[in-house]
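**Q**
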Amino acid sequence: MSYLDNVKIVLVETSHTGNMGSAARAMKTMGLTNLCLVNPVIKPDSQSISLAAGASDIIKNAQIFSSLEHAIADCTLVIGTSARSRSLQWPYLTPKECGDKIIQEASNQHAQVALVFGRERVGLTNEELQKCHYHVGIPANPDYSSLNLAMSVQVLCYEIRISMLNLESKLLEESKDTNITEAKFPINADIERFYQHLEQTLLRTGFINNNHPGQIMGRLRRLFTRARIEQQELNILRGILTSIDKSL
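Residue 210 in this note's numbering is what sits at position 210 of the sequence shown, and the numbering runs on without skipping anything.
1. Ignore the nearest five residues each way along the sequence and tell me which others in ILE162's own chain have a CB closer than 7 Å to its CB.
2. Rounded to whole angstroms, what's the CA-CA distance from ILE191 to ILE236? Just pull it up for me.
3. Which of the three DSSP states, helix, strand or coil, is assigned to HIS70?
4. Are there 16 or more other CB atoms within 10 angstroms of the CB of GLU174, so buried, or fewer, so exposed?
5. When DSSP labels each residue in this structure, what does THR76 get in the three-state scheme?
6. Taking CYS36 as part of the beta strand (DSSP E), name the residues at either end of that continuous run.
7. Give me, in chain order, the residues of the same chain whose beta-carbon lies closer than 6 Å to that of ARG25; leave out the 5 immediate sequence neighbours on both sides.
8. Going by other Cβ atoms of all chains shown within 10 Å of its Cβ, with 16 needed for buried, is ASN166 buried or exposed?
9. Are at least three pairs of beta-carbons, each pair with one atom in the stretch 134 to 154 and one in the stretch 204 to 223, less than 8 Å apart?
10. What's the C-alpha gap between LYS28 and LYS8?
11. Which stretch, first to last residue, makes up the alpha helix (DSSP H) that contains LEU51?
12. Near VAL116, which residues of its chain fall below 6 Å by C-beta distance, leaving aside the five closest residues on each side in sequence?
13. For THR81, list the residues DSSP reports as bridge partners.
14. Taking 8 Å as the threshold (C-beta atoms), are GLU120 and THR14 in contact?
15. Are there three or more Cβ pairs, one per stretch, closer than 8 Å when the stretch 61 to 78 is compared with the stretch 88 to 96?
16. With a threshold of 7 Å on Cβ separation, who are the neighbours of MET30 within its own chain once the five nearest residues in sequence on each side are excluded?
17. Identify, in the order they occur along the chain, each residue of the same chain with its Cβ nearer than 8 Å to the Cβ of LEU234, setting aside the five sequence neighbours on each side.
18. Check for me: the alpha helix (DSSP H) holding ALA227 runs from which residue to which?
19. Using three-state DSSP, classify ILE64 as helix, strand or coil.
20. Would you call SER22 buried or exposed, if buried means 16 or more other Cβ atoms sit within 10 Å of its Cβ?
21. Buried or exposed: THR17, going by 16 or more other Cβ atoms within 10 Å of its Cβ?
22. Have a look at VAL113 and GLU69 and give me their C-alpha separation to the nearest angstrom.
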């Protein structure tokens, strides 16, 4: 299960079905699949399917709700898109912070997160924004900040995906570190039995002199001590020696 399965994209009162399709396409390219439509002016139609361009499954599986309250009822975190408001002081996130916050929450398997987009012309109302824990805005060109709905969905879904990939990479590295930390090392008695076995085998093959085995064995001890072999590695070495013994 992907963290993205716990994230839903909510479109409120979308008036153009083509925007639904384009938003679905933007979602799917970033790995998100849960689309919720709140009281759409027109329900999804052939135009939305056409503009989805391969993401028609997201349109067909979209849930339709009569109100934003119902759409986010099961969510533990809700973030609404909005330009920064002077009249409505609210915790405000950058797109990157939004992605990080969403993935941090979505990484909990019992969590549900909603990213809410408003109407094409007027966005979300203050009442709707007050139902959100955070607001997020895209810092576009102040002289021309007109992003359409699908563009906004694409930008924020991209940030969500990048945050997910970063978290997965971090967890993978931590897992590697844990494996190194939890590696099982043999007890000294097992190491000594290995050295005895190694010396006997090397004597039998004639690799070391029966009268002066110490010099080579001393170097081999330093080699294996420096490497600090793990239990599994020791087992492999003992297996190799046993195989050699059988062939002699």
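We treat Cβ as the ideally placed atom computed from N, Cα and C, and that holds for glycine.
**A** Quick answer:
1. GLY99
2. 13 Å
3. helix
4. exposed
5. coil
6. 34 to 38
7. ALA52, ALA53, ALA55
8. exposed
9. no
10. 12 Å
11. 46 to 52
12. VAL10, GLY80
13. VAL136
14. yes
15. no
16. CYS157, TYR158, ILE160, ARG161
17. PRO186, ASP190, ILE191, PHE194
18. 214 to 227
19. strand
20. buried
21. buried
22. 14 Å
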